[in-house]
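Number of protein chains: 2
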Amino acid sequence: MNIGTYSLQAYMERIESFHGSLAPGLLIGGIMVDAALNRTSKDKLYDALCETYSCLPDAIQLLTPCTVGNGWLQVVDLGRFALTLYEKDSGKGIRVFLDAANMDAWPEIRAWYLKLKPKKAQNRQTLNDQILDAGVRMLGFQQVNVKPSFLIKRSKGAIGICRECGEAYPLNHGPVCRGCQDQSPYV
Amino acid sequence: MNIGTYSLQAYMERIESFHGSLAPGLLIGGIMVDAALNRTSKDKLYDALCETYSCLPDAIQLLTPCTVGNGWLQVVDLGRFALTLYEKDSGKGIRVFLDAANMDAWPEIRAWYLKLKPKKAQNRQTLNDQILDAGVRMLGFQQVNVKPSFLIKRSKGAIGICRECGEAYPLNHGPVCRGCQDQSPYV
Chain A
1 MNIGTYSLQA
11 YMERIESFHG
21 SLAPGLLIGG
31 IMVDAALNRT
41 SKDKLYDALC
51 ETYSCLPDAI
61 QLLTPCTVGN
71 GWLQVVDLGR
81 FALTLYEKDS
91 GKGIRVFLDA
101 ANMDAWPEIR
111 AWYLKLKPKK
121 AQNRQTLNDQ
131 ILDAGVRMLG
141 FQQVNVKPSF
151 LIKRSKGAIG
161 ICRECGEAYP
171 LNHGPVCRGC
181 QDQSPYV
Chain B
188 MNIGTYSLQA
198 YMERIESFHG
208 SLAPGLLIGG
218 IMVDAALNRT
228 SKDKLYDALC
238 ETYSCLPDAI
248 QLLTPCTVGN
258 GWLQVVDLGR
268 FALTLYEKDS
278 GKGIRVFLDA
288 ANMDAWPEIR
298 AWYLKLKPKK
308 AQNRQTLNDQ
318 ILDAGVRMLG
328 FQQVNVKPSF
338 LIKRSKGAIG
348 ICRECGEAYP
358 LNHGPVCRGC
368 QDQSPYV
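So the sequences go chain by chain: A and B.
Note that this note's numbering numbers the first sequence so that position 81 is 81, with each residue one more than the last.
Numbering-wise, this note's numbering comes out as the position in the second sequence, counting from 1, plus 187.
So, in structure tokens, the structure goes:
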């Protein structure tokens, strides 16, 4: 079994090094991203949209050219374990989700996904075995069209110096930077 | 010169492989993260906060254990080229920013940062040379305390099945999932 361009073993090592632990969500996420990549055309450019902050963004960042810092991955926090790869220009994409309606054969995946057991009661080995047994069969696929607002390249526009903090910021944020507009995360 | 645990050369290769290009923001970001790491205690656990989506999140993800998918990196989009590493428990942290007030000696960095020249007119080699010459001298440092709301471990709570789309979602999002509450990114 391969995950993207990695062997399963090499992907597990990449998970551990990047994400910090062999989280089941990264193993499932790897199978999801791989399945999405297998359903895209090699000669088009794709952006990624992820519907959760949990685990899945890291599978996307490890297996596609899309990262949070290069702007090709956007997270829209809908709380659904799903991702979409879509053509940059047209917005046409393939959405992959973990299909809760299709898990009778893999009760340990179901228990993990729906949080039916406390973490300590999960059997990680059984869970991993069921994930690898299920493969793409635990997934659902949809053709989607991403809204035009996601296709616009976000430009920061002109940069100025905030007259309150003295730091550079995008002038279209207002007369002072957002940090000086009560959005500071600091006390 | 080292960037985190990498030699400069190895870090540049990691940038190119992960971020997709040798962006100046990743080179500056690497020096910023390295400087922040050098000002933290080795025996404490740190989370990361990034004040921009541009480039800097990738330097944090490459050089610290904090990623978007493991929840240890949060991006607060203030549009400032700054990051904070803070203690998970107390919120005490070190903030590093690119100091616009301190760039007279490095005009190419200033031109890049404040977008004073179109991208095509930038001299990438001169810019890289000035970044490496400047090192931590182009940076500012602040002791900060992150607001308590950032210190709370975000739990998804109980998971249920959305009666509209049939997918799993955190029940505390409402009677149906956010995707079925007009927050869908799809047409």
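Backbone N, C-alpha and C define an ideal beta-carbon position, used for all residues, glycine too.
Could you tell me the distance, in whole angstroms, from the CA atom of M103/A to the CA atom of P24/A? CA-to-CA, the gap between M103/A and P24/A works out to about 15 Å.
Reducing DSSP to helix, strand and coil, say where S149/A ends up. helix
Please report the distance separating the alpha-carbon of V331/B from that of I247/B. 18 Å
Check the Cβ-Cβ distances between K324/B and every residue of chain A, and say whether any is below 9 Å. A small fix is needed here, since residue 324/B is Arg in this sequence, not Lys. Answer no: the Cβ-Cβ gap between R324/B and chain A never drops below 9 Å.
Secondary structure of Y53/A, DSSP reduced to three states: coil
Using DSSP bridges, identify the partner residues of K92/A. N145/A
Within a Cβ cutoff of 8 Å, which residues of the same chain sit near N310/B, ignoring the five residues on either side of it in sequence? E295
Contact test: F205/B Cβ vs the ligand MN heavy atom, cutoff 8 Å: Absence of the ligand MN is noted for the structure shown, with no ligands found whatsoever.
Contact belief for L249/B with F205/B at Cβ below 8 Å, rounded distance in angstroms: Between F205/B and L249/B the Cβ distance is about 6 Å, and since that is below 8 Å, they are a contact.
Using only alpha-carbon positions, find the residue among P118/A, P185/A, T126/A and A158/A that is nearest to P175/A. A158/A
My output table needs one value for P29/A: the three-state DSSP class, helix, strand or coil. Note on identity: in this sequence residue 29/A is Gly, with Pro being the wrong assignment. The answer is helix: DSSP assigns G29/A an H, G or I state.
Any residues in the region 271-296 of chain B with a beta carbon nearer than 7 Å to a beta carbon of chain A? Which ones, in chain order? F284, A287 and A288
Beta-carbon neighbours of Q130/A, restricted to chain B and to distances below 9 Å: What Q130/A touches in chain B: nothing, since even the nearest Cβ is about 16 Å away.
Inspect the beta-carbon positions of Y373/B and R365/B and report whether they are closer than 9 Å. no
Under a CB-based cut-off of 9 Å, is E16/A close to chain B? no
Under the three-state DSSP convention, the category S7/A falls into: strand
In three-state terms, what does DSSP make of V363/B? The answer is coil: DSSP assigns V363/B none of H, G, I, E or B.
Proximity of N257/B and S21/A at Cβ, strictly below 9 Å: Yes, Cβ-Cβ distance for N257/B and S21/A is below 9 Å.
Is D89/A buried or exposed, if buried means 16 or more other CB atoms sit within 10 Å of its CB? exposed
At 4 residues or longer, what runs of the alpha helix (DSSP H) sit wholly inside the region 243-267 of chain B? 243-250
Rounded straight-line distance, which links the Cα of I318/B to that of G79/A: 40 Å
Per-residue contacts from R226/B into chain C (C-beta, under 9 Å): Included in the structure are the protein chains A and B, with no chain C among them.
Nearest-angstrom Cα separation, counted from D320/B out to S194/B: 16 Å
DSSP three-state assignment for D129/A, whether helix, strand or coil: helix
C-beta atoms of D47/A and E354/B nearer than 9 Å: Contact flag unset, no.
Near T227/B, what residues of its chain come up, given a Cβ to Cβ distance below 7 Å and the 5 sequence neighbours on each side ignored? Y233, L272 and I281
K156/A versus I190/B, I348/B, T239/B and D369/B, residue with shortest Cα-Cα distance: T239/B
Beta-carbon within less than 8 Å of E164/A's beta-carbon, same chain only, minus the 5 sequence neighbours each way: which residues are those? V176, C177 and C180
Considering only C-alpha positions, which residue in the set K334/B, R201/B, L214/B and E200/B is nearest to K279/B? K334/B
According to DSSP, simplified to helix, strand and coil, what is C135/A? A small correction: the amino acid at residue 135/A is Gly; Cys does not occupy that position in the sequence shown. Three-state result, G135/A: helix.
Are the C-beta of L45/A and some C-beta of chain B separated by less than 9 Å? no
Which one or two residues does DSSP pair with L98/A in a beta bridge? L139/A
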